[in-house]
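Trainee:
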Amino acid sequence: MKTELNKAATLNYSNGQVTALVILRMLIGWHLLYEGVVKLYNPSWSAGSFLMDSKGIFSQFFFDLASNPAVLNVVDFLNVWGLIAIGLGLILGLFNKAAAIAGVVLLSMYYLSHPPFIGLKYALPSEGSYLIVNKNLIEIFALVVLAVFPTGLQIGIDRLIALARGKSMKTEELEKEPA
Amino acid sequence: MENNNNSNNSGKKGIGRRDLIKGLAAVPVLGALAFSTSKKSSYDQNLKNSILRELNIDASIPPPTGPMAGDPIRLGIIGYGIRGKQLVKAAGFMSREEKEKLQKSALENSNDTRLKDFMDQENLNVKFTGVCDLFDIRAEEALETVTTDDNQPKRFRTYQEMLASPDIDGVIIATPDHWHAPISIDAARAGKHVYVEKCMTHKVNETYELYDAVKASGIIFQVGHQHRQTQSFLTAQDVLKKNVLGHVSLVQACTNRNSDNGAWQYNIHEKANPETIDWQQFLGNAPQIPFNKEHFFRWRKWWEYGSGLAGDLLTHDYDRINCLFKMGIPKSATASGGIYTHNDGRDVPDVYHVIMEYPDFKMGTSQENGKEKGFTFMYSATLGNQFGGRNTLLMGHDATLELLGNTITVHADSRSTRYQDMIKDKKIDPDVPLYAYNPMANGVDGVTSATAKYFANKGLLFTYRNGKRVDSTHLHIREWLSGIRNGTKVSCGIEEGFEEAISAHMTTLAFKLGRKIEWDADAKKIINVTEEEIDQCDFITI
Numbered sequence: 006m007k008t009e010l011n012k013a014a015t016l017n018y019s020n021g022q023v024t025a026l027v028i029l030r031m032l033i034g035w036h037l038l039y040e041g042v043v044k045l046y047n048p049s050w051s052a053g054s055f056l057m058d059s060k061g062i063f064s065q066f067f068f069d070l071a072s073n074p075a076v077l078n079v080v081d082f083l084n085v086w087g088l089i090a091i092g093l094g095l096i097l098g099l100f101n102k103a104a105a106i107a108g109v110v111l112l113s114m115y116y117l118s119h120p121p122f123i124g125l126k127y128a129l130p131s132e133g134s135y136l137i138v139n140k141n142l143i144e145i146f147a148l149v150v151l152a153v154f155p156t157g158l159q160i161g162i163d164r165l166i167a168l169a170r171g172k173s174m175k176t177e178e179l180e181k182e183p184a
Numbered sequence: 029m030e031n032n033n034n035s036n037n038s039g040k041k042g043i044g045r046r047d048l049i050k051g052l053a054a055v056p057v058l059g060a061l062a063f064s065t066s067k068k069s070s071y072d073q074n075l076k077n078s079i080l081r082e083l084n085i086d087a088s089i090p091p092p093t094g095p096m097a098g099d100p101i102r103l104g105i106i107g108y109g110i111r112g113k114q115l116v117k118a119a120g121f122m123s124r125e126e127k128e129k130l131q132k133s134a135l136e137n138s139n140d141t142r143l144k145d146f147m148d149q150e151n152l153n154v155k156f157t158g159v160c161d162l163f164d165i166r167a168e169e170a171l172e173t174v175t176t177d178d179n180q181p182k183r184f185r186t187y188q189e190m191l192a193s194p195d196i197d198g199v200i201i202a203t204p205d206h207w208h209a210p211i212s213i214d215a216a217r218a219g220k221h222v223y224v225e226k227c228m229t230h231k232v233n234e235t236y237e238l239y240d241a242v243k244a245s246g247i248i249f250q251v252g253h254q255h256r257q258t259q260s261f262l263t264a265q266d267v268l269k270k271n272v273l274g275h276v277s278l279v280q281a282c283t284n285r286n287s288d289n290g291a292w293q294y295n296i297h298e299k300a301n302p303e304t305i306d307w308q309q310f311l312g313n314a315p316q317i318p319f320n321k322e323h324f325f326r327w328r329k330w331w332e333y334g335s336g337l338a339g340d341l342l343t344h345d346y347d348r349i350n351c352l353f354k355m356g357i358p359k360s361a362t363a364s365g366g367i368y369t370h371n372d373g374r375d376v377p378d379v380y381h382v383i384m385e386y387p388d389f390k391m392g393t394s395q396e397n398g399k400e401k402g403f404t405f406m407y408s409a410t411l412g413n414q415f416g417g418r419n420t421l422l423m424g425h426d427a428t429l430e431l432l433g434n435t436i437t438v439h440a441d442s443r444s445t446r447y448q449d450m451i452k453d454k455k456i457d458p459d460v461p462l463y464a465y466n467p468m469a470n471g472v473d474g475v476t477s478a479t480a481k482y483f484a485n486k487g488l489l490f491t492y493r494n495g496k497r498v499d500s501t502h503l504h505i506r507e508w509l510s511g512i513r514n515g516t517k518v519s520c521g522i523e524e525g526f527e528e529a530i531s532a533h534m535t536t537l538a539f540k541l542g543r544k545i546e547w548d549a550d551a552k553k554i555i556n557v558t559e560e561e562i563d564q565c566d567f568i569t570i
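Chains as they are written, first to last, in our numbering: chain F, 6 to 184; chain R, 29 to 570.
(1) Looking at C-beta atoms only, is the number of pairs between the stretch 50 to 70 of chain R and the stretch 237 to 244 of chain R that lie closer than 8 Å three or more?
(2) If you draw a straight line from the alpha carbon of I562 (chain R) to that of L537 (chain R), how long is it in whole angstroms?
(3) Which whole-angstrom value describes the C-beta separation of D197 (chain R) and K182 (chain R), a residue pair presumed to lie in contact below a C-beta threshold of 8 Å?
(4) Taking contact to mean 3 or more Cβ pairs, one atom from each stretch, closer than 8 Å, check whether the stretch 326 to 343 of chain R and the stretch 517 to 535 of chain R are in contact.
(5) Compute the beta-carbon to beta-carbon distance between Y108 (chain R) and E169 (chain R), rounded to the nearest angstrom, for a pair I have assumed lies under 8 Å.
(6) Output, in chain order, the set of chain R residues within a Cβ distance shorter than 7 Å of A75 (chain F).
(7) Give the residues of chain F in contact with A54 (chain R), contact being defined as C-beta atoms less than 7 Å apart.
(8) Cutting at 7 Å between CB atoms, please list the residues of its own chain near A529 (chain R), excluding the five before and the five after it.
(9) For L162 (chain R), name the three-state secondary structure that DSSP assigns.
(10) Give the C-beta separation of A363 (chain R) and F567 (chain R) to the nearest angstrom, bearing in mind that I take them to be a contact with Cβ-Cβ under 8 Å.
(11) Which residues in the same chain as R185 (chain R) place their Cβ atom closer than 6 Å to its Cβ, once the five residues preceding and following it in sequence are excluded?
(12) If I measure Cβ to Cβ from G190 (chain F) and keep anything under 8 Å in the same chain, skipping five residues before and after, which residues do I get?
(13) What residues match up with A427 (chain R) in a beta bridge as DSSP calls it?
(14) Kindly indicate if chain F contains any beta-carbon less than 8 Å away from that of G39 (chain R).
(15) Please state the DSSP three-state secondary structure of W547 (chain R).
(16) In chain order, what residues of the same chain lie with their CB nearer than 6 Å to the CB of T420 (chain R), ignoring the 5 residues before and after it?
(17) Can you give the Cα-Cα distance for W614 (chain R) and N137 (chain R), rounded to whole angstroms?
(18) What is the rounded straight-line gap between the Cα of Y294 (chain R) and the Cα of T93 (chain R)?
(19) Given A119 (chain R), which residues of its chain have a CB within under 8 Å of its CB, disregarding the five upstream and five downstream residues?
(20) Give me, in chain order, the residues of the same chain whose beta-carbon lies closer than 8 Å to that of A216 (chain R); leave out the 5 immediate sequence neighbours on both sides.
(21) What are the boundary residues of the beta strand (DSSP E) that L284 (chain R) is part of?
(22) Anything in the stretch 50 to 80 of chain R with a Cβ closer than 8 Å to a Cβ of chain F? List those residues in chain order, please.
(23) On the three-state DSSP scale, how would you describe I201 (chain R)?
(24) Give a yes or no on whether the C-beta atoms belonging to K359 (chain R) and D378 (chain R) are separated by under 8 Å.
(25) Counting pairs of Cβ atoms below 8 Å between the stretch 547 to 561 of chain R and the stretch 264 to 274 of chain R, do you hit three or more?
(26) Would you call T476 (chain R) buried or exposed, if buried means 16 or more other Cβ atoms sit within 10 Å of its Cβ?
(27) Can you tell me whether G104 (chain R) is helix, strand or coil according to DSSP?
(28) Since R164 (chain F) and G51 (chain R) should fall inside the 8 Å C-beta cutoff, what is the C-beta to C-beta distance between them, to a whole number of angstroms?
(29) When the cut-off is 8 Å and only beta carbons count, does T24 (chain F) lie next to chain R?
(30) Where do the N-terminal and C-terminal ends of the beta strand (DSSP E) with S408 (chain R) fall, by residue?
(31) Over what stretch of residues does the beta strand (DSSP E) that includes M96 (chain R) continue unbroken?
(32) So V109 (chain F) is in the alpha helix (DSSP H); what residue range does that whole segment cover?
(33) When the Cβ atoms of the stretch 271 to 290 of chain R are set against those of the stretch 390 to 410 of chain R, are three or more pairs found closer than 8 Å?
(34) Note down, in chain order, each residue of its chain lying with its Cβ closer than 8 Å to the Cβ of I555 (chain R), except the 5 sequence neighbours on either side.
(35) Expressed to the nearest angstrom, what Euclidean distance is found between the alpha-carbon atoms of V251 (chain R) and C520 (chain R)?
(36) Is D499 (chain R) helix, strand or coil when you go by DSSP?
Following this line, the structure appears as structure tokens:
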């Protein structure tokens, strides 16, 4: 049986690769965590107006989310705490892979609600010029990279968890496993 | 390779010091984020606090009104056209046809909450015991709309019969302008409470007569300037009270509409004919002409029945400013304009400009006393363009206040005396709003037609109470009913109505006579116009 740590070892990152991936992970974590905290501390914040400005083929889905106050409350709650949890996960390297995947899902919602496609105009201004590819999409794929190349076991709490688990296993088993 | 070593290492010894460092290496990053977040938040908060402390603006609470408990108040609706329908709806009764239409629209567009807003409206505890409209179809529609299980309303053929009825406590008047004063005067004399649409009167002299009749009667009298209920206006009042703007020298208000409906090309009903319309009664004090259904449905296009842009739209903007400044009737007024877009037989202009002078009006100042005095109110309107950029602006020495519907934005003036130090210290940036008030920040509103959007932007369609969207006309009627029930004050009573009507009529006289019209505040009279000229302009001698 392979432990997570052994699995990680097979990835064989060089120091430079680990450093680059961990920095990318923390930058995205910082961004999402701060976005969540700002919303948490702004009592009048709600995703409502953003959702109502949705365009494209999925817009009806986002309108439905926004038009029911009870649903909107849940959406707001999940959004704020989702951003905070994902941000913490990425910065701390805690459940690294799950955090990256959750981030992909959340950011995909943002992207799909406001796709920068030809002919779609939004009330909320964007700070740059985008066609199909925007910063959300780039951040989504950066998170895909982080999910495929997780670094929590190298630098992060995931390492401590794996070690703690590994300790409770039979040491022999660990030693038998090829690196 | 290092990783392999580490995993072996950990396998043997459990969690070592190196592992601990690697496991928790990210924690300082979190600390750095927490530190920067708290630093940024206290920086923002300090900046905001120092501005708010300086400005000290309160989003004022709405004026108190009492409960709607007790026996239902028995109302009569006089005039069930476009506005009459809206007023009856605001009082709690919507036609089946409209309900179905809104239901369908809400299903198609989830932004459209008009039906829901209506259903959520407070029950005002009224019943319409009488309806009066000169067009049979509309009278029947009105009857159908206000009939309930325990209320069978009566159709009155004339308003006089309605006023004579003991089953009526108050009337809502939404007739053409030339009928506002005669009905209101008779209602006041009959002791019936009055809610009358703007312009309060159609002619100069009937304005005095109505003023005296209401003063002598003790009835509760309200003019239909429902924007007085709009929360942003109440907040703007506080902005002025706290002298945030400094001395205001110029106020600008504008109308830009570019649709048939906006130019009063209202629908002519297919069943309109001399049998279904009481034409003689419609004419009233207007020049006697043969039956003309266009005149009946599109009466705003002729001075004989309407008051043009002055009575229809200037009055709203004038009253918006009067509710903020309480500046009353101007010392002088000029007006100019013409029919430039809708040359279709109408005789009222579709482009109209008004300058009202208030040379003695004093308000707050940030400079030495006596340096600043007086201001101009400028109104500019066209019914041939719909550019949205001409918002209401109160231009002060220290700041400019922009009013758009339910929102207020205040920008400091870069040459302000009051804020010069804060601007120098970079605490205030003249390009960034000093103060912004937007009660709907969390909501999105579905306003359909262009004309509806125009009214929404003027704060005339709806406002917000406790974050909830409410029809401002509903609140305005409620305030009137509370006056009747509880003796609370109304915000647009006979004094405000008198000021509104005289100011509007001064511009009409100026337009028709082609000269500046002056007002003597002590004598309460227009001074440089003869009675003959007034009568001529008011169609009394024609």
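A virtual CB, placed ideally from N, CA and C, is assigned to each residue, including glycine.
Mentor: According to the structure shown:
(1) Between the stretch 50 to 70 of chain R and the stretch 237 to 244 of chain R there are fewer than three inter-stretch CB-CB distances shorter than 8 Å, so the stretches are not counted as touching.
(2) Taking the second sequence and counting its residues from 1, the one referred to as residue 562 (chain R) is at position 534. Taking the second sequence and counting its residues from 1, the one referred to as residue 537 (chain R) is at position 509. In this structure, the CA atom of I562 (chain R) is about 7 Å from the CA atom of L537 (chain R).
(3) Counted from its first residue, the second sequence places residue 197 (chain R) at position 169. Counted from its first residue, the second sequence places residue 182 (chain R) at position 154. In fact, because the Cβ distance is near 14 Å, the residues do not count as touching under 8 Å.
(4) Contact holds: three or more Cβ-Cβ distances are below 8 Å.
(5) On the second sequence, residue 108 (chain R) is found 80 positions in, with the first residue counted as 1. On the second sequence, residue 169 (chain R) is found 141 positions in, with the first residue counted as 1. Contact between Y108 (chain R) and E169 (chain R) holds, with the beta-carbon distance rounding to 7 Å and staying under 8 Å.
(6) In the first sequence, counting from the first residue as 1, residue 75 (chain F) sits at position 70. Against chain R, a Cβ distance below 7 Å from A75 (chain F) picks out nothing, because the smallest value is about 14 Å.
(7) Against the second sequence, residue 54 (chain R) aligns to sequence position 26. Against chain F, the beta carbon of A54 (chain R) has neighbours under 7 Å at M31, I96, L97, G98, I160, G161, listed in chain order.
(8) In the second sequence, counting from the first residue as 1, residue 529 (chain R) sits at position 501. Hits under 7 Å: C227, M228, T229, T235.
(9) Here the question's residue 162 (chain R) lines up with position 134 in the second sequence. Under the three-state reduction of DSSP, L162 (chain R) is assigned to coil, being neither helix nor strand.
(10) Counting from 1 along the second sequence, the entry for residue 363 (chain R) is found at position 335. Counting from 1 along the second sequence, the entry for residue 567 (chain R) is found at position 539. So it is not a contact: roughly 18 Å between Cβ atoms.
(11) Residue 185 (chain R) sits at position 157 when you count from the first residue of the second sequence. Correct list: empty, nothing qualifies.
(12) Here chain F covers residues 6 to 184 and nothing more, so residue 190 (chain F) does not appear.
(13) Here residue 427 (chain R) corresponds to residue number 399 of the second sequence, with the count starting at 1. Checking the DSSP bridge columns, you'll see A427 (chain R) partnered with R:A440.
(14) By 1-based counting over the second sequence, the position of residue 39 (chain R) is 11. Confidence at G39 (chain R) is low in this model, with a pLDDT of 46, below 50, so the placement of that residue should be treated as unreliable; the coordinate-derived value is given next. So, interface residue.
(15) As a working mapping, residue 547 (chain R) is identified with position 519 in the second sequence. Correct three-state label for W547 (chain R): strand.
(16) Counting from 1 along the second sequence, the entry for residue 420 (chain R) is found at position 392. Cβ neighbours of T420 (chain R) beyond the five flanking positions: A281, L431.
(17) Within the shown structure, residues of chain R are numbered from 29 to 570, placing residue 614 (chain R) beyond reach of any answer.
(18) For this step, residue 294 (chain R) is matched to residue 266 along the second sequence. For this step, residue 93 (chain R) is matched to residue 65 along the second sequence. So the two alpha carbons sit approximately 36 Å from each other.
(19) The count along the second sequence starts at 1 and reaches residue 119 (chain R) at position 91. These residues qualify, in order along the chain: L103, L152, V154, F156, I200, H502, I505.
(20) Residue mapping note: residue 216 (chain R) aligns to position 188 of the second sequence, counting from 1. Scanning its chain for C-beta atoms nearer than 8 Å, with the 5 sequence neighbours on each side dropped, one finds around A216 (chain R) the residues V222, L238, A241, V242, A244, S245, I247, F249, in chain order.
(21) Within the second sequence, the letter at position 256 stands for residue 284 (chain R). With the sequence shown as reference, residue 284 (chain R) is identified as Asn, and Leu is not the correct amino acid for it. Where N284 (chain R) is concerned, the enclosing beta strand (DSSP E) starts and stops at 276 to 284.
(22) Within the stretch 50 to 80 of chain R, those residues whose Cβ lies closer than 8 Å to any Cβ of chain F are, in chain order, K50, G51, L52, A53, A54, V55, V57, L58, L61, T65, S69.
(23) Against the second sequence, residue 201 (chain R) aligns to sequence position 173. Three-state result, I201 (chain R): strand.
(24) Position 331 of the second sequence holds residue 359 (chain R). Position 350 of the second sequence holds residue 378 (chain R). No, the pair does not count as a contact, with Cβ atoms beyond the cut-off.
(25) As far as the Cβ criterion goes, the stretch 547 to 561 of chain R does not touch the stretch 264 to 274 of chain R, which means the pair count is below three.
(26) Reading the second sequence from its first residue, position 448 is the one you call residue 476 (chain R). Residue placement at T476 (chain R) is poorly supported in this model, since its pLDDT is 46, which falls under 50; the coordinates still yield a value, given next. Around the C-beta of T476 (chain R), fewer than 16 other C-beta atoms lie within 10 Å, and the residue is accordingly described as exposed.
(27) The residue labelled residue 104 (chain R) in the question sits at position 76 within the second sequence. In the structure shown, G104 (chain R) falls within a strand segment according to DSSP collapsed to helix, strand and coil.
(28) For the purposes of this step, residue 164 (chain F) is taken as residue 159 along the first sequence, with counting starting at 1. For the purposes of this step, residue 51 (chain R) is taken as residue 23 along the second sequence, with counting starting at 1. Confirmed, about 4 Å.
(29) As a first step, residue 24 (chain F) is located in the first sequence; it is residue number 19 there, counting from the start. Output row for T24 (chain F): interface = no.
(30) As a first step, residue 408 (chain R) must be located in the second sequence, where it is residue number 380. 403 to 410 is the span of the beta strand (DSSP E), which, as asked, contains S408 (chain R).
(31) Working through the second sequence from its first residue, we reach residue 96 (chain R) at position 68. That residue, M96 (chain R), is in no beta strand (DSSP E); it is neither H nor E in DSSP.
(32) Locating residue 109 (chain F) in the first sequence gives position 104, where the first residue counts as 1. That run of the alpha helix (DSSP H) goes 101 to 118.
(33) The answer is yes - the stretch 390 to 410 of chain R touches the stretch 271 to 290 of chain R, with three or more Cβ pairs under 8 Å.
(34) Indexing the second sequence from 1 puts residue 555 (chain R) at position 527. The beta carbon of I555 (chain R) sits closer than 8 Å to the beta carbons of E546, W547, D548 from its chain, once the five residues preceding and following it are set aside; these are given in chain order.
(35) For the purposes of this step, residue 251 (chain R) is taken as the residue at position 223 of the second sequence. For the purposes of this step, residue 520 (chain R) is taken as the residue at position 492 of the second sequence. Those two C-alpha atoms are separated by around 5 Å.
(36) As a first step, residue 499 (chain R) is located in the second sequence; it is residue number 471 there, counting from the start. Secondary structure at D499 (chain R): strand, using DSSP grouped into helix, strand and coil.
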